[in-house]
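All you need for my numbering is the position in the sequence shown, starting with 1, plus 387.
Inspection log for the structure reproduced underneath, given as structure tokens.
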Amino acid sequence: MKELNVGILGAGFIGTFHSYALRLQQLIKEAPKANLNLRIVADRDQKARDTLVKRFGWEKGVDDWRAVLDANIDIFVNAGPNVLHAEPSIAALKAGKAVFCEKPLAMDAAEAFEMWKAAADAKAVHQAAFVYRFVPALRYARELIQSGAIGEVTHFRSEYLMSNYLQPGLDFSWRLDKKIAGTGTFGDLGAHHIDLARFLVGEISEVAAIGRTVVPQVAGKKVEVDDAFVSILQFESGPIGVIQASRVAAGHGHTSAIQVDGTKGSLRYDVARLNEIEIADGLASGFRAVQVIKEEHPFSDFWWEAGVQGSHPIGWVECFVQQMNHFVEAVLGNRQVSPLAATFEDGYRAVEIADSMIRSWQSARREPIKFRSL
388 MKELNVGILG AGFIGTFHSY ALRLQQLIKE APKANLNLRI VADRDQKARD
438 TLVKRFGWEK GVDDWRAVLD ANIDIFVNAG PNVLHAEPSI AALKAGKAVF
488 CEKPLAMDAA EAFEMWKAAA DAKAVHQAAF VYRFVPALRY ARELIQSGAI
538 GEVTHFRSEY LMSNYLQPGL DFSWRLDKKI AGTGTFGDLG AHHIDLARFL
588 VGEISEVAAI GRTVVPQVAG KKVEVDDAFV SILQFESGPI GVIQASRVAA
638 GHGHTSAIQV DGTKGSLRYD VARLNEIEIA DGLASGFRAV QVIKEEHPFS
688 DFWWEAGVQG SHPIGWVECF VQQMNHFVEA VLGNRQVSPL AATFEDGYRA
738 VEIADSMIRS WQSARREPIK FRSL
């Protein structure tokens, strides 16, 4: 049995999700043919890292990410804030580690491009954490679109809406600090749906966007990032689309929904129902709900035997387990990261598109996407 030593940067909210995903790899039906040894956690917050160590069985915690790379690790998981994505990940790649990094890949497109270049130069296994690619309904939606089930795609639209910045007594978190986050909803919530648009429909060639900062001050500190935006999209292959995101949408705890229209039908999805896709066939009015829990379930044999009734619905956290499993299997040489998971090239392209949206907002003009090449 192969031994894989793992180190992680970040003991916060998302570091907890990835620690859970790593710990559960040995419990799924098709467990990786390797022992994942959770060696070291890096976070400047001692309480957070001590909690993560105790909860998930990491061997030790440190306050400097460089100590993670000095350790004898094979896999580096970057779950730190955006400002700590580029430098540690590039250092890990140069040190010969396989790197799994959270989204958005970097503070801006220039940084993200350097991360992609470092991964290519190192010829290292790498993956960007776009977990929506591992939602059963969305994976099935991609299969339907690629099979031609809804005909030629004409229109993509999505919304990612939350209300957390409207809460009284809100603490000033790093996501509100431009020096740490880089952007607001464009690069945070928007990154998920930018990647989904590319995953489901194809490459984006042009955008036109407008943003806002509805809450200008939190806990006595000025907010310098956006908290809401809308962008229209032009896809290379012809379809048009729209993405809107907000952290100031009252009544929305966590709304993440997409719809894809085609010449023969339409698909729509909501994060509240991870295992359900709604399908409209032909010109008939109305949608029918399809439970993605039988043979069409892309992860039907992942957790347990399906049984006579088909597979079973899975939850949000299980999607993180599936995402991490994909990466671990790629590290073991059993599969390629692309096209089902996101590479650093995908991560770079999502940041380039988000940056183009911001430039469009600032200039009040349509902005063509100018992707860089290695």
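C-beta: ideal position from N, C-alpha, C; glycine also.
(request) Can you check DSSP and say which residues form a bridge with GLN631? (result) GLU546, VAL617
(message) Could you check whether the stretch 577 to 592 touches the stretch 614 to 628, counting it as contact only if at least three pairs of C-beta atoms, one from each stretch, sit closer than 8 Å?
(response) yes
(request) Using three-state DSSP, classify ARG746 as helix, strand or coil. (result) helix
(request) Count the other CB atoms, across all protein chains shown, that sit within 10 Å of the CB of THR650; report buried if there are 16 or more and exposed otherwise. (result) exposed
(request) Compute the Euclidean distance between the alpha carbons of ALA454 and ALA429, then round it to the nearest angstrom. (result) 8 Å
(request) Starting from ALA454, trace the beta strand (DSSP E) both ways and give me its first and last residue. (result) ALA454 -> not in any beta strand (DSSP E); alpha helix (DSSP H) instead, spanning 452 to 457.
(message) Taking the beta carbon of MET799 as the centre, do at least 16 other beta carbons fall within 10 Å, making it buried, or is it exposed?
(response) In the structure as shown, the chain starts at 388 and stops at 761, and residue 799 therefore has no counterpart that could be examined.
(request) Would you mind working out which of PRO468, LEU727, ARG436 sits nearest LYS566, comparing C-alpha positions? (result) PRO468
(message) Taking the straight line between their C-alpha atoms, what separation do you get for LEU450 and PRO475?
(response) The question names Leu, yet the displayed sequence has Asp at residue 450. Straight-line Cα distance between these residues: approximately 13 Å.
(message) Quick check on DSSP: helix, strand or coil for PHE443?
(response) helix
(message) On the criterion of 16 or more Cβ atoms from any shown chain inside 10 Å, does ASP648 qualify as buried, or is it exposed?
(response) buried
(request) Verify whether the separation of the beta carbon atoms of SER750 and VAL594 is less than 7 Å. (result) no
(request) Any chance you could list the beta strand (DSSP E) runs of at least 3 consecutive residues sitting entirely within the stretch 489 to 553, in chain order? (result) 513 to 516, 540 to 548
(request) For VAL464, write down the residues that DSSP places opposite it in a beta bridge. (result) ILE395, PHE487
(message) Taking a contact to mean a Cβ-Cβ separation below 7 Å, would you say ILE334 touches ASN392 in this structure?
(response) Because the chain spans 388 through 761 in this model, residue 334 falls outside it and cannot be assessed.
(message) So within the stretch 409 to 434, which uninterrupted beta strand (DSSP E) runs reach at least 3 residues, ignoring any that extend past its ends?
(response) 421 to 429
(message) Let's test the definition: count the other Cβ atoms within 10 Å of the Cβ of ASP495 and tell me whether it reaches 16, buried, or not, exposed.
(response) buried
(request) Count the other C-beta atoms from every protein chain shown that fall within 10 angstroms of the C-beta of GLN696, then say buried if there are 16 or more, exposed otherwise. (result) Note that GLN696 scores 48 on pLDDT, short of 50, meaning its location in the model is unreliable; the coordinates nonetheless yield the value given after this. Exposed is the call here.
(request) Quick one: grab the DSSP three-state call for PHE404. (result) helix
(request) Answer yes if the stretch 597 to 615 comes into contact with the stretch 667 to 679, meaning at least three C-beta pairs across the two stretches below 8 Å, and no otherwise. (result) no
(request) Check PHE573 in the structure and name its three-state DSSP category. (result) coil
(message) When you compare the stretch 656 to 664 with the stretch 513 to 528, are there three or more beta-carbon pairs, one atom per stretch, that lie closer than 8 Å?
(response) yes
(message) Looking at ILE597: is its Cβ nearer than 7 Å to the Cβ of VAL617?
(response) yes
(request) Report yes if the C-beta distance between THR642 and ASP614 is below 7 Å; otherwise report no. (result) no
(message) Tell me the rounded alpha-carbon separation between SER534 and GLU390.
(response) 39 Å
(request) Identify whether GLN723 lies in helix, strand or coil by the three-state DSSP scheme. (result) coil
(message) Quick check: what's the CA-CA separation for ALA505 versus VAL612?
(response) 28 Å
(request) Go to VAL610, then tell me how far its beta strand (DSSP E) extends in each direction, as first and last residue. (result) That residue, VAL610, is in no beta strand (DSSP E); it is neither H nor E in DSSP.
(message) With a threshold of 6 Å on Cβ separation, who are the neighbours of GLN710 within its own chain once the five nearest residues in sequence on each side are excluded?
(response) VAL518, PHE521
(message) On a Cα-Cα basis, can you pick out the residue from HIS713, PHE731, GLN514 that is closest to LYS420?
(response) HIS713
(request) Under 7 Å Cβ to Cβ from GLU539, same chain only, skipping five residues before and after it: list those, please. (result) GLY649, THR650
(request) State the Cα-Cα distance for the pair SER406 and ARG752, rounded to the nearest angstrom. (result) 43 Å
(message) Assuming the contact rule is C-beta atoms closer than 8 Å, HIS579 and TYR547 should be a hit. Round their C-beta distance to whole Å, please.
(response) 6 Å
(message) By alpha-carbon positions, which one of LEU471, LEU553, GLY638, ALA509 ends up nearest to GLU498?
(response) LEU471
(request) Assign THR438 to one of three DSSP states: helix, strand, or coil. (result) helix
(message) Going by DSSP, what residue range makes up the beta strand (DSSP E) through ALA671?
(response) Where ALA671 is concerned, there is no enclosing beta strand (DSSP E), given that its DSSP letter is neither H nor E.
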